[in-house]
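S.K.:
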């Protein structure tokens, strides 16, 4: 708790009003003060109207001898407090500079497991997978920043009817060819081909199901083909992961989990937890819970998604003994995870109450929804190449004389930052439309815009190139843009907590946009390096603090903060 909130709580306690720190908020308008306390709860206790309670308290509170709060005023049902500006600025900036990379760090100590991105081995990573990767990477950084022990695992969906479809297409039409393009793209080509051929010959679906039955029965020829195509797919995807710097600590494979999942389901039948329906499928009846009947094993004995997910959840708990598992998976799977968590609870797994589905919306193209089976997706590799090419073009326009190596380095940082930020700034629960030109822009609410502010701070500090020392007169900062800048910087830790509590990395991204915009206002209204040496020192302190907060904020989004652009 900061000194100013402590002062507010003490001032109210002096008037027989007890409040929790959590209800203290920031007013929507700077003219309404720096902190606001709602009077609804205290009004209920005092049996009076909230506006009247706020008015009476504003008149009663005695500020004499208080060095942190300079004024108090009622606004409707809120009691608003004005801070001692000089004290506030000194407190915030001194804390940032003293704590540096630890500023905003929490003291939570939970063990958290995050699963992302969960690809299939029948197609390359696409734009939708990238949203998963970016959300997962950011969630890892956010929860770690708060002091948690976070592990990153991945689940590879390497078995099932969808895998058999690409296998069948290759078996029938591949002519034993080896990949002549990136290997995961080669496999994905046959998934698209299967969809095309099935329209001409619907009987192919039964052939794919027969291949799945052979796979589960351990047919040598089927297993050999599966291993070969799985390797092609994983080799290609791992290249993309390395490019994204997103490699899991441990990878689980559905092919290694489904058998134990089937065993757990069959044990559930013996215990009376699950039953067989008229078609011979093993089901769980979740009608009372609002989910209807859910198949856990098909009549032919083959497993479904939830079968292996039961086993995988158990394996993770055995391996990590975590306090929470977070599944980063699209909103399309909301029903699946509600059922999975309920099934695990019915089986009696205590850890079921600690599972969370961090859902995210679909990523659409400007001309419609992506569909893997129709080949209308934006491949991750192609998108990364496109974004880097656009970044290179922008860099060459802005700079002359840079080496190819430096252009490549900067374009990679800017392009990945642009792509990640564009996706992460959107509330993850919502669908979104991806626009590469808007994402790469150096203006507007974009990654390059925020990165550019960091680079500008670095340039100012290089130009100043002097020690500030500890003798700083914070009272020289009297401009509104200076105070508003410091106010925003003071909210860094709060925004991280909000992002974690609501499972929304967009909270951090939107905060960074505000910081960047406010810095530009401060920079244009206040000459940082001027003739007044003392004023220059304290404004340089603001620049140092902004640089630190933006760098740490971008790190929470797994984005690099370049010193030059």
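In the working numbering, the protein residues as written are 1 to 565. Glycine included, C-beta positions come from ideal geometry on N, C-alpha and C. Bear in mind the structure is a predicted one, so any value in this text is a computation, not a measurement.
1. Please report the residue range of the beta strand (DSSP E) in which residue 292 lies.
2. Might you give, ordered along the chain, the residues of its own chain that have their beta carbon closer than 6 Å to the beta carbon of residue 71, omitting 5 neighbours on each side?
3. When DSSP labels each residue in this structure, what does residue 47 get in the three-state scheme?
4. Closest to residue 484 by C-alpha separation, out of 502, 159, 508, 515, would be which residue?
5. Just curious, the alpha helix (DSSP H) that residue 493 is in, first and last residue?
6. Look up residue 167 in the DSSP assignment and say whether it is helix, strand or coil.
7. So, helix, strand or coil for residue 555, using DSSP?
8. In chain order, what residues of the same chain have a beta carbon less than 7 Å from the beta carbon of residue 58, not counting five sequence neighbours either side?
9. Keeping to the same chain, check which residues put their C-beta closer than 7 Å to that of residue 534; ignore five residues upstream and five downstream.
10. Pull up the distance between the alpha-carbon of residue 164 and that of residue 229, whole angstroms please.
11. Between which two residues does the beta strand (DSSP E) holding residue 358 run?
12. Could you pull the start and end residues of the beta strand (DSSP E) that residue 36 belongs to?
13. What number of angstroms, rounded off, separates the C-alpha of residue 545 from the C-alpha of residue 65?
14. Ignore the nearest five residues each way along the sequence and tell me which others in residue 15's own chain have a CB closer than 8 Å to its CB.
15. So what does residue 207 bridge to, in DSSP terms?
16. Using only alpha-carbon positions, find the residue among 559, 457, 278, 63 that is nearest to residue 4.
17. Would DSSP call residue 86 helix, strand or coil?
18. Indicate the three-state DSSP secondary structure (helix, strand or coil) for residue 372 in the structure shown.
19. Residues in the same chain with beta-carbon distance under 6 Å from residue 159, minus the five sequence neighbours each way, listed in chain order, please.
20. Could you check what DSSP says for residue 250 in three-state terms: helix, strand or coil?
21. Under the assumption that residue 274 contacts residue 283 (Cβ atoms under 8 Å), give the Cβ distance between them as a whole number of angstroms.
22. Does the distance from the CB of residue 565 to the CB of residue 439 come in under 8 Å?
23. Which of the three DSSP states, helix, strand or coil, is assigned to residue 94?
24. Pick from 390, 418, 421: whose alpha carbon is nearest that of residue 407?
25. Please report the distance separating the alpha-carbon of residue 381 from that of residue 122.
26. By Cβ distance, which residues of its chain are closer than 8 Å to residue 51, with the 5 residues on each side in sequence left out?
27. Please check the pair residue 562 and residue 451, which I expect to be a contact at CB under 8 Å, by giving their CB distance rounded to whole angstroms.
28. Count the C-beta pairs between the stretch 110 to 117 and the stretch 327 to 334 that are closer than 8 Å, then say yes if the count reaches three, no if not.
29. What does a CB cutoff of less than 6 Å around residue 572 pick up in its chain, not counting 5 residues either side in sequence?
30. Three-state secondary structure (DSSP) at residue 303?
31. Spatial neighbours of residue 404 within its chain, please: CB distance less than 6 Å, with the 5 preceding and 5 following residues excluded, ordered by chain position.
32. Please state whether the Cβ-Cβ distance between residue 320 and residue 109 is less than 8 Å.
33. Do residue 84 and residue 69 come within 8 Å of each other at the CB atom, strictly closer than that value?
34. Are the beta-carbon atoms of residue 468 and residue 547 separated by less than 8 Å?
35. Work out the CA separation of residue 354 and residue 325 for me, nearest whole Å.
36. Can you name the start and end residues of the beta strand (DSSP E) that residue 288 belongs to?
M.R.: Inspection of the coordinates gives the following:
1. Per DSSP, residue 292 belongs to the beta strand (DSSP E) from 292 to 297.
2. Only 82 meet the Cβ criterion.
3. coil
4. 515
5. 492 to 501
6. helix
7. It is helical.
8. If you ignore the 5 residues before and after residue 58, its C-beta comes within less than 7 Å of the C-beta of 72, 73, 74, 79, all in its own chain and listed in chain order.
9. 473, 476
10. 10 Å
11. That run of the beta strand (DSSP E) goes 355 to 360.
12. 35 to 38
13. Rounded to whole angstroms, the separation of the alpha carbons of residue 65 and residue 545 is 30 Å.
14. 57, 60, 61
15. Beta-bridge pairing by DSSP links residue 207 to no other residue.
16. 63
17. helix
18. Confidence at residue 372 is low in this model, with a pLDDT of 49, below 50, so the placement of that residue should be treated as unreliable; the coordinate-derived value is given next. Three-state result, residue 372: helix.
19. Excluding sequence neighbours, residue 159 sits near 254, 255.
20. strand
21. For a cut-off of 8 Å, the C-beta gap from residue 274 to residue 283 is around 6 Å, short enough to register as a contact.
22. For residue 565 and residue 439, no; Cβs fall outside 8 Å.
23. Helix.
24. 390
25. 16 Å
26. Shown here for residue 51: same chain residues with a beta carbon closer than 8 Å to its own, the five before and five after excluded, namely 39, 74, 76, 77 in chain order.
27. 6 Å
28. yes
29. The requested residue 572 does not occur in the structure, where the chain is confined to residues 1 to 565.
30. Strand, per DSSP.
31. Cβ within range, chain order: n/a, list empty.
32. no
33. yes
34. no
35. 7 Å
36. From DSSP, residue 288 is part of no beta strand (DSSP E); its letter is neither H nor E.
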